[in-house]
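Reminder that position 89 of the sequence shown reads as 88 in numbering that gives the first Met the number 0, one-by-one numbering, no gaps. For reference, the structure is listed below as structure tokens.
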Amino acid sequence: MQIIDRHRHREGPLLPILHDLQHVFGCIPMQVRPAIAEALNITQSELHGVISFYHDFRDEPAGRHVLKICRSEACQSMGGAALGDRVLSLLGLGWGETSADGRITVEPVYCLGLCACAPAAMVNGKLKGRAEAQALVAEITA
Numbered sequence: 000m001q002i003i004d005r006h007r008h009r010e011g012p013l014l015p016i017l018h019d020l021q022h023v024f025g026c027i028p029m030q031v032r033p034a035i036a037e038a039l040n041i042t043q044s045e046l047h048g049v050i051s052f053y054h055d056f057r058d059e060p061a062g063r064h065v066l067k068i069c070r071s072e073a074c075q076s077m078g079g080a081a082l083g084d085r086v087l088s089l090l091g092l093g094w095g096e097t098s099a100d101g102r103i104t105v106e107p108v109y110c111l112g113l114c115a116c117a118p119a120a121m122v123n124g125k126l127k128g129r130a131e132a133q134a135l136v137a138e139i140t141a
């Protein structure tokens, strides 16, 4: 595979390979994982450990729109739990799920670095402070 070949001789090639795969496919496809492990002389278990450690690496592509809601203590103390519950209810999804039409994925995150404006969320990579459920859902479904 070209992506593996492009990086395999670099020092520390695993993360660049994974980032490129994620960019091209929207996930780290299961069918390429054995080739990565073999090319880098690591076990598939080691590879899985790296992929599962970094939350932005996916097993399946996310929806076209990704909503991340902070679940850290600061946001929870400012209504983050209720925000998450309300958003999930409005969208009919659970944490980590993607809508059947592939449009929306909702994910929990643990600190977006916006604690002073809690509760925080991220819509398609854009930070939102003092987030409100209706506004988040309106933006993600527009």
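Just so it is clear, CB atoms sit at the ideal spot from N, CA and C, and this is done for glycine as well.
- With a cut-off of 8 Å on the beta carbons, I'd call L82 and P107 a contact; round off their distance for me. In the sequence shown, residue 82 corresponds to position 83, counting from 1. In the sequence shown, residue 107 corresponds to position 108, counting from 1. About 11 Å; that fails the 8 Å criterion.
- With DSSP collapsed to three states, give me the class of E142. The shown model of the chain, from 0 to 141, leaves out residue 142, and the question about it has no answer.
- Task: May I ask you to list the residues that DSSP assigns as paired with V105?
- Result: Looking up residue 105 in the sequence shown gives position 106. In DSSP, V105 forms a bridge with L66.
- Message: In the DSSP assignment, the beta strand (DSSP E) including A120 goes from what residue to what residue?
- Response: The residue given as residue 120 occupies position 121 in the sequence shown. Unbroken beta strand (DSSP E) run through A120: A120 to V122.
- Task: Please look up how many angstroms separate the CB atoms of L87 and V65, rounded, as I've assumed it's under 8 Å.
- Result: Here residue 87 corresponds to residue number 88 of the sequence shown, with the count starting at 1. Here residue 65 corresponds to residue number 66 of the sequence shown, with the count starting at 1. With a Cβ gap of about 14 Å, L87 and V65 do not count as contacting.
- Message: I'd like to check one pair, R57 with A132: are the Cβ atoms closer than 7 Å?
- Response: The count along the sequence shown starts at 1 and reaches residue 132 at position 133. The count along the sequence shown starts at 1 and reaches residue 57 at position 58. Against a cut-off of 7 Å, the Cβ pair of R57 and A132 comes out as no contact.
- Task: Look up T97 in the DSSP assignment and give the residues it is bridged to.
- Result: Taking the sequence shown and counting its residues from 1, one reaches residue 97 at position 98. Answer is T104.
- Nearest-angstrom Cα distance between K127 and H47? Working through the sequence shown from its first residue, we reach residue 127 at position 128. Working through the sequence shown from its first residue, we reach residue 47 at position 48. Going by the C-alpha atoms only, they are around 32 Å apart.
- Task: Determine the direct distance from the alpha carbon of Y109 to that of I139, and round the result to whole angstroms.
- Result: Numbered from its first residue, the sequence shown carries residue 139 at position 140. Numbered from its first residue, the sequence shown carries residue 109 at position 110. Approximately 20 Å, taken between the alpha carbons.
- Query: Are the beta-carbon atoms of A38 and R7 separated by less than 7 Å?
  - Reply: If you number the sequence shown from 1, residue 38 lands on position 39. If you number the sequence shown from 1, residue 7 lands on position 8. Cβ atoms of A38 and R7: closer than 7 Å.
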